[in-house]
Amino acid sequence: MKKSFLFKSLVDILFYLHVIGLFGMLIIIPFGILNIHQVDMKVDDWTLLTVVIAIVSLTIYVIFLRGLYYLRKVAIFLLLNKYFSEQIIRNLIKSGMHFLCTGILSFLLMISLWIAKLYNGKLELTYDLNFMIPLFLMIIGLFFMIQSRTLVLAKNFKEENELTV
Amino acid sequence: MSIVINLDVMLAKRKMRSKELSELIGITTSNLSILKSGKAKAIRFSTLEAICKVLNCQPADILEYSDSV
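Which chain is which? The protein sequence lines are A and B, in order. For the first sequence, the positions run 10 to 174 when my numbering is used. For the second sequence, the positions run 12 to 80 when my numbering is used.
Pasting the structure below:
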């Protein structure tokens, strides 16, 4: 119960921080107040590439936010001790799919930027957290999807056990 | 499911009530109701044994395979 409550609280905090971040981005970016940094590439002037990066980044952000929204729903039902409910199974798979999409898109964006840099005659190999986050998101997304499938199986076993006389 | 439970018939033959049977075999009336209604997905050998013992019958008297169901 305590763990479920802590989980729900943490997911809520992360979700609301991201919502605030989204509103911030929507307000700040169009006025050009913020400089976009993506894989150490400073984008000051709004070229086509910059616009594409901004749009893709924003899309990734929104997808991640949606994943968090579904995870919040999962947390609510976990708090109600409905571990095998249909809502948990459905929301967990949705959350997983969103996190997986976020991871893949972030990874593709990074690769594209790396190639773009390479095109400009700059070869850079970095080993940092920026690279690990999409990978971790993909792993978490896939894990949630597998976990959802496991819950379906567990639910069937539970029903079968309950209907064994 | 193609397995039909004929517990009702056996109970009528033995002139026994469900509540009485459930008390004698040690399962709850709700579980016995699940079994009688055909909603049960499985039956333990121990339950079947107890039913057969109390009703003095064979498993085939209670369970029947029917293709049409």
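The C-beta atom is built at its ideal place from N, Cα and C for all residues, glycine as well.
TODO: Please determine if the stretch 57-72 of chain B and the stretch 13-25 of chain B are in contact, where contact requires at least 3 C-beta pairs separated by less than 8 Å.
DONE: yes
Task: Where residue 48 of chain A falls: helix, strand or coil (DSSP) - done: Residue placement at residue 48 of chain A cannot be trusted, given a pLDDT of 45 that sits under 50; what the coordinates show is reported in the next sentence. Residue 48 of chain A: coil per DSSP, three-state reduction.
Task: Candidates A/164, A/173 and A/172: closest to residue 91 of chain A by CA position - done: A/164
TODO: Within its chain, find whatever has a CB closer than 8 Å to the CB of residue 98 of chain A; leave out the 5 residues flanking it on each side and keep chain order.
DONE: 157, 160, 161 and 164
- [ ] Examine the Cβ distances between the stretch 70-79 of chain A and the stretch 105-120 of chain A and report whether three or more of them are shorter than 8 Å.
- [x] yes
Open item on the list: Please classify residue 45 of chain B as buried or exposed, where buried requires at least 16 other C-beta atoms within 10 Å of its C-beta.
Closed with: buried
Task: Residue range of the unbroken beta strand (DSSP E) whose run includes residue 15 of chain B - done: 14-16
Open item on the list: Looking at the secondary structure, which residues open and close the beta strand (DSSP E) in which residue 75 of chain B lies?
Closed with: 74-76
Task: Cutoff 9 Å: residue 174 of chain A Cβ touching any chain B Cβ - done: yes
Open item on the list: For residue 96 of chain A and residue 41 of chain B, I'd like the C-alpha separation in whole angstroms.
Closed with: 27 Å
Task: Backbone CA spacing between residue 68 of chain A and residue 149 of chain A [nearest angstrom] - done: 19 Å
TODO: Measure from the C-beta of residue 14 of chain B to each C-beta in chain A and report whether the shortest distance is under 9 Å.
DONE: no
Task: Buried versus exposed, by CB contacts within 10 Å (16 or more), residue 166 of chain A - done: exposed
Open item on the list: So with CB distances below 7 Å, who are the chain A contacts of residue 61 of chain B?
Closed with: Within chain A, no residue comes near residue 61 of chain B; the closest Cβ sits about 11 Å away, beyond 7 Å.
TODO: Apply the 10 Å Cβ neighbour rule to residue 120 of chain A and answer buried if 16 or more other Cβ atoms are within range, or exposed otherwise.
DONE: exposed
Task: Counterpart residues of residue 53 of chain B in DSSP-defined beta bridges - done: A/173
Task: C-beta neighbour in chain B for residue 168 of chain A, strict 9 Å - done: yes
Open item on the list: Taking the alpha-carbon of residue 114 of chain A as reference, which of A/142, A/32, A/23 and A/15 has the nearest alpha-carbon?
Closed with: A/142
TODO: Leaving out five residues on either side along the sequence, give the residues of the same chain with a beta carbon under 7 Å from the beta carbon of residue 39 of chain B.
DONE: 33
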